[in-house]
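In what follows, a structure is listed as structure tokens, so that the remarks can point back to it.
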Amino acid sequence: MKNCKIIDFIKRGDRKLGYLVALEENRNIPFDVKRVYYTYGVESGSIRGKHAHKELEQVLICVSGNLTVRCFDGEKFEEIDLDSESTGLYIGPMIWHEMYGYDKNTVLMVLASDYYNEEDYIRDYDKFNILCQEV
Ligand code: T46
Numbered sequence: 451m452k453n454c455k456i457i458d459f460i461k462r463g464d465r466k467l468g469y470l471v472a473l474e475e476n477r478n479i480p481f482d483v484k485r486v487y488y489t490y491g492v493e494s495g496s497i498r499g500k501h502a503h504k505e506l507e508q509v510l511i512c513v514s515g516n517l518t519v520r521c522f523d524g525e526k527f528e529e530i531d532l533d534s535e536s537t538g539l540y541i542g543p544m545i546w547h548e549m550y551g552y553d554k555n556t557v558l559m560v561l562a563s564d565y566y567n568e569e570d571y572i573r574d575y576d577k578f579n580i581l582c583q584e585v
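Heads up: the sequence shown begins at 451 in this note's numbering, then just goes up one per residue.
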């Protein structure tokens, strides 16, 4: 799916000492990182997201627990399980995304290409579909 792809990070270490994953802007993170945020304590039946971004690029990494991300590019749907600390999900502009299936211990960390700006959000699903048809 355009603007939505899995990134497998290199994990260094072993079972005994554990693992280390390094995130580097414009290397394994495909943009300048201006912001990092994370969500936690989400109840299992909750759905977060339900929006698209006009310009923002992000990489979602589930650093604890697991969840599912449902992505829609205006034509195709894809459901991606995030259950590995060494996997990222790149989501670029104009991808409607919803996060659900949270585990009680889930921590979702997100690296973003810009500062928080509510103007960049499309939170109306009908409006998103209309904008997709215009492209
Ligand atoms: C996204 C998914 C993956 C801030 O004040 N600063 C921030 O940097 C962010 C991200 C949010 N907020 C405020 C805005 C809302 O009042 O925190 C509140 C919760 O945000 P929201 O309902 O948008 O959270 P999610 O989990 O639905 O979506 C978030 C990001 O907002 C969004 O960009 O792509 O995670």
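Yeah, the Cβ is synthetic: ideal placement off N, Cα and C, and Gly gets one too.
Counting only runs that start and end inside the segment 531-584, the alpha helix (DSSP H) elements of at least 4 residues fall at 575-584. About 5 Å separates the beta carbon of Leu470 from that of Arg462, a gap short enough to meet the 8 Å contact definition. Sequence-distant partners of Met451 (beyond 5 residues in either direction) whose C-beta falls short of 6 Å from its own C-beta, in its chain, are Asp523, Lys526, Glu528.
Residue nearest to Lys554 within the set Cys512, Glu505, Leu506 is Cys512 (criterion: CA-CA distance).
The C-beta distance from Met549 to Gly495 rounds to 12 Å, too long to meet the 8 Å contact threshold. By the CB criterion at 9 Å, His501 and Ile572 fall inside the cutoff. For Ala472, no beta strand (DSSP E) encloses it, and the DSSP letter there is neither H nor E.
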